[in-house]
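**Q**
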Amino acid sequence: MEQENYIKRLPQAEVMDLRKIITVEEQQVSSITLVQRPSLAMTLISLDKGSSIGGHSSPGDAMVNLLSGEARITIADKEYTVLSGESIILPANIPHALYANEAFQMLLIVVKPEKKELRHVEKGSRS
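In my numbering, the protein residues as written are 82 to 208.
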């Protein structure tokens, strides 16, 4: 029986350089989805110099891990410069945007709240 891999598109039990998995394409934003679940997403993303991801928000906290290059990230109205090897958390439900000061590659991890399970209460029982 074959074991299911929960992280897709990456080799298992192997040392790797994520910068070699996602390449920077000229004047483009590229992405490779590694995990897509209701409460968790992991995506490799690259932006060429001058490219951007416009203002938006997410229902979950997003952790940007810059693998290479330099990004300008706006959270609400505050700008941050993030360099290769650095990370920043984009809080849930707060508008943010990304701009490539230099071409960059990043690992984006988004953690969303889990849907609350419906509780069935039997007649006559108390919880």
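For every residue, glycine included, the Cβ atom is placed at its ideal position computed from N, Cα and C.
1) Applying the criterion that 16 or more other CB atoms from any shown protein chain within 10 Å of the CB defines a buried residue, is V96 buried or exposed?
2) Label S168 either buried or exposed according to how many other C-beta atoms from any shown protein chain fall within 10 Å of its C-beta, with 16 as the threshold for buried.
3) Hey, out of Y87, P92, K159, E107, whose CA is closest to Q186's CA?
4) In whole angstroms, what separates the C-alpha of V110 from that of A157?
5) Quick one: what does DSSP say L91 is sitting in, helix, strand or coil?
6) State buried or exposed for H177, treating a residue as buried only when at least 16 other CB atoms are found within 10 Å of its CB.
7) Verify whether the separation of the beta carbon atoms of A173 and D129 is less than 8 angstroms.
8) Is it the case that the Cβ atoms of A143 and L125 are separated by a distance below 8 angstroms?
**A** On the basis of the coordinates in this document:
1) Here residue 96 is taken as the residue at index 15 of the sequence shown, counted from 1. Result: exposed.
2) Working through the sequence shown from its first residue, we reach residue 168 at position 87. Exposed, since its Cβ has fewer than 16 Cβ neighbours within 10 Å.
3) As a working mapping, residue 186 is identified with position 105 in the sequence shown. If we check each option's Cα against that of Q186, E107 comes out closest.
4) In the sequence shown, the residue the question calls residue 110 occupies position 29. In the sequence shown, the residue the question calls residue 157 occupies position 76. The straight-line gap from Cα to Cα measures roughly 22 angstroms.
5) The residue given as residue 91 occupies position 10 in the sequence shown. DSSP places L91 in the coil class of the three-state scheme, outside both helix and strand.
6) Translated into the one-based positions of the sequence shown, residue 177 becomes position 96. Buried, since its Cβ has 16 or more Cβ neighbours within 10 Å.
7) As a first step, residue 173 must be located in the sequence shown, where it is residue number 92. As a first step, residue 129 must be located in the sequence shown, where it is residue number 48. Taking C-beta atoms as the reference points, A173 and D129 fail to come closer than 8 angstroms.
8) Walking along the sequence shown from the start, residue 143 turns up at place 62. Walking along the sequence shown from the start, residue 125 turns up at place 44. At least 8 angstroms separates the beta-carbon of A143 from that of L125.
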